[in-house]
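Some notes on the structure that comes next.
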Amino acid sequence: MNAIVITVSDSCFQGHRVDRSGPEVAVRLRQAGFTVDRNLIVPDDRERIAAEIREQAGRARLVVTTGGTGIALRDVTPEATRQVCDRILDGFGEHMRREGLKDTAFAPMSRAVSGTFGTTLIVNVPGSPRAAVASLEAVLPLIQHALALLSGDTEHSEPGRASGKK
Amino acid sequence: MNAIVITVSDSCFQGHRVDRSGPEVAVRLRQAGFTVDRNLIVPDDRERIAAEIREQAGRARLVVTTGGTGIALRDVTPEATRQVCDRILDGFGEHMRREGLKDTAFAPMSRAVSGTFGTTLIVNVPGSPRAAVASLEAVLPLIQHALALLSGDTEHSEPGRASGKK
Amino acid sequence: MNAIVITVSDSCFQGHRVDRSGPEVAVRLRQAGFTVDRNLIVPDDRERIAAEIREQAGRARLVVTTGGTGIALRDVTPEATRQVCDRILDGFGEHMRREGLKDTAFAPMSRAVSGTFGTTLIVNVPGSPRAAVASLEAVLPLIQHALALLSGDTEHSEPGRASGKK
Chain Z
849 MNAIVITVSD SCFQGHRVDR SGPEVAVRLR QAGFTVDRNL IVPDDRERIA
899 AEIREQAGRA RLVVTTGGTG IALRDVTPEA TRQVCDRILD GFGEHMRREG
949 LKDTAFAPMS RAVSGTFGTT LIVNVPGSPR AAVASLEAVL PLIQHALALL
999 SGDTEHSEPG RASGKK
Chain F
849 MNAIVITVSD SCFQGHRVDR SGPEVAVRLR QAGFTVDRNL IVPDDRERIA
899 AEIREQAGRA RLVVTTGGTG IALRDVTPEA TRQVCDRILD GFGEHMRREG
949 LKDTAFAPMS RAVSGTFGTT LIVNVPGSPR AAVASLEAVL PLIQHALALL
999 SGDTEHSEPG RASGKK
Chain G
849 MNAIVITVSD SCFQGHRVDR SGPEVAVRLR QAGFTVDRNL IVPDDRERIA
899 AEIREQAGRA RLVVTTGGTG IALRDVTPEA TRQVCDRILD GFGEHMRREG
949 LKDTAFAPMS RAVSGTFGTT LIVNVPGSPR AAVASLEAVL PLIQHALALL
999 SGDTEHSEPG RASGKK
């Protein structure tokens, strides 16, 4: 299954910094069985992030963004993601923050959201390579289950009909 | 106190499947002291769910929906609930998901929300009988406290004035 | 750094009750190094709460409200806060509720939200003195980190670039 990683960062976009998070997220996704043939870098601009998510959602079933989930004034990835998504999955961000507390007391500061856009799943993770990979790992089993459900494969729901469908 | 259970399910509505969650939720509510004289079944249609919640809120102080809280494309109960509610109680869904982790690693996938519509409390629980009852049990003490507060019985607030009123 | 405390309470505003939460929150903020030269009391009115938050945000980098976060019909502080904020910090309310469970099973009932308005941080805490101080303490390290990030001090981010900026 195809996945696309979008790095959101002004300084990476301008070439002032080398993107490490995007490639590390891609490596972790490949280990989990995804094909990742595209890493993109966009600046911290709400409209450009939203447009990129929307376009890539047409090419892949999973779009992971890294960066722009914090509290600094330029951090607008969650807003862009909410703008695109049909439905928000509050439990994904909650779970990342709760799991993140095992690593840092600042985990509750992440504003990362996840949601669906048609049958594509959009997942925000933070911008630091370490937090990006840790957040992704926290929700990887949820991602795989969600993609099966979005494909109409309700037999994967658990226990019984965890999707709420019957 | 009256409660009404609404089962949200295309297949139950069409008669292709027997509704088990609705009756099990009703049994649990009766054990908790509620009078449940009505179980309804509606299809996974946002407008119909919203209309039913709104209508039943005129007849009972508590409306519990089961089903449609997952991630499959037809799951729209949370959206219908948000559309009706005056105010959302984020802590109820959070608490169900956190408690649900004791039972299944997929608990964070539930999008169940709760909220108020006038003095009526609306609570979404998932569609599987097991997850429905477990989610209800997780928030039953909160439900009883919330209904007291919505009745203006601020003496029930705890500790001191947990309702935020003073 | 300046902080302002706004007590939201009809009965305190009308002089029927002495405000204890506001002063206790102010004491705790001073212990944490903030200058608190102003405690305000407003009634449970959404527009007046929003106007007060907006005005005080022009005078201080931190505005803490106490009261109006519950489920009673007059509790509208979270709605007023959402109306003012540019961005919501879901993790702050989540963290208060999770930490609050150590003290009371009713902690999930708080609807307290936090968010940013320009470079000012707005934080709701409940109205009871005990819950107000406990909630504030749960997020104090996050508040201090958030204010540094809002000042553009990304060197304080942790670990590495927990702010999501790079």
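Residue numbers (my numbering), protein chains in the order written: chain Z, 849 to 1014; chain F, 849 to 1014; chain G, 849 to 1014. Note that beta-carbon positions come from the ideal geometry of N, C-alpha and C, so glycine has one too. Please read all numbers here as calculations on a predicted model, not as lab measurements.
Contact check, residue i vs residue j, beta carbons under 7 Å
| i | j | result |
| --- | --- | --- |
| residue 885(Z) | residue 916(Z) | no |
| residue 987(G) | residue 980(G) | no |
| residue 956(Z) | residue 939(G) | yes |
| residue 913(Z) | residue 869(Z) | no |
| residue 958(F) | residue 945(F) | yes |
| residue 876(F) | residue 990(F) | no |
Own chain residues within Cβ distance below 7 Å of residue i, not counting five before or after
| i | result |
| --- | --- |
| residue 951(F) | 982 |
| residue 1008(G) | With a pLDDT of 35 at residue 1008(G), under the threshold of 50, the modelled position of this residue cannot be trusted, and the question is left open. |
| residue 961(Z) | 926, 929, 930, 936, 941 and 972 |
| residue 874(Z) | 853, 884 and 887 |
| residue 878(G) | 884 |
| residue 872(Z) | 977, 980 and 981 |
Neighbourhood of residue i by C-beta distance below 6 Å, restricted to the same chain and skipping five residues each side
| i | result |
| --- | --- |
| residue 954(F) | none |
| residue 852(F) | 886, 904, 908 and 911 |
| residue 923(G) | 916 |
| residue 898(Z) | 928, 931 and 932 |
| residue 947(Z) | 986 |
| residue 967(F) | 998 |
| residue 883(Z) | 850 |
C-beta neighbour in chain Z for residue i, strict 7 Å
| i | result |
| --- | --- |
| residue 908(F) | no |
| residue 876(F) | no |
| residue 894(F) | no |
| residue 989(G) | yes |
| residue 957(F) | yes |
N-terminal and C-terminal residue of the beta strand (DSSP E) that residue i is part of
| i | result |
| --- | --- |
| residue 1023(F) | Because chain F is modelled from 849 through 1014, residue 1023(F) falls outside the range shown and cannot be assessed. |
| residue 853(G) | 850-856 |
| residue 968(G) | 968-973 |
| residue 921(F) | That residue, residue 921(F), is in no beta strand (DSSP E); it is neither H nor E in DSSP. |
| residue 907(F) | From DSSP, residue 907(F) is part of no beta strand (DSSP E); its letter is neither H nor E. |
| residue 866(F) | Segment: none, residue 866(F) is in no beta strand (DSSP E) and carries neither H nor E. |
| residue 959(F) | No beta strand (DSSP E) contains residue 959(F), which DSSP labels as neither H nor E. |
| residue 883(Z) | 883-890 |
Below-7 Å beta-carbon distance, residue i vs any chain G residue
| i | result |
| --- | --- |
| residue 953(Z) | yes |
| residue 949(F) | no |
| residue 939(F) | yes |
| residue 1004(F) | Low per-residue confidence applies at residue 1004(F): pLDDT is 38, beneath 50, and the placement is therefore not dependable, though the value from the model is reported in the following sentence. Judged by the 7 Å Cβ criterion, residue 1004(F) is not in contact with chain G. |
| residue 886(Z) | no |
| residue 935(Z) | no |
| residue 840(F) | An answer regarding residue 840(F) cannot be provided, because it is not within the stretch 849 to 1014 covered by chain F. |
| residue 944(Z) | no |
Contact set for residue i: own chain, Cβ-Cβ below 8 Å, skip 5 residues either direction
| i | result |
| --- | --- |
| residue 935(Z) | 963 and 964 |
| residue 867(F) | 855, 857, 860, 887 and 889 |
| residue 865(F) | 857 and 859 |
| residue 976(G) | 869 |
| residue 862(Z) | 891 |
| residue 949(Z) | 955 and 956 |
Residue span of the alpha helix (DSSP H) that contains residue i, given as start and end
| i | result |
| --- | --- |
| residue 990(Z) | 977-998 |
| residue 938(G) | 938-948 |
| residue 917(Z) | Counting along the chain, residue 917(Z) falls outside any alpha helix (DSSP H), and DSSP gives it neither H nor E. |
| residue 878(F) | 869-879 |
| residue 925(Z) | 925-932 |
Residue-level contact to chain F via CB, residue i, 7 Å cutoff
| i | result |
| --- | --- |
| residue 891(G) | no |
| residue 920(G) | yes |
| residue 930(Z) | no |
| residue 871(G) | no |
| residue 995(Z) | no |
Any chance the segment 990-997 of chain Z sits against the segment 917-931 of chain F, with 3 or more Cβ pairs inside 8 Å? They touch, by the three-pair rule.
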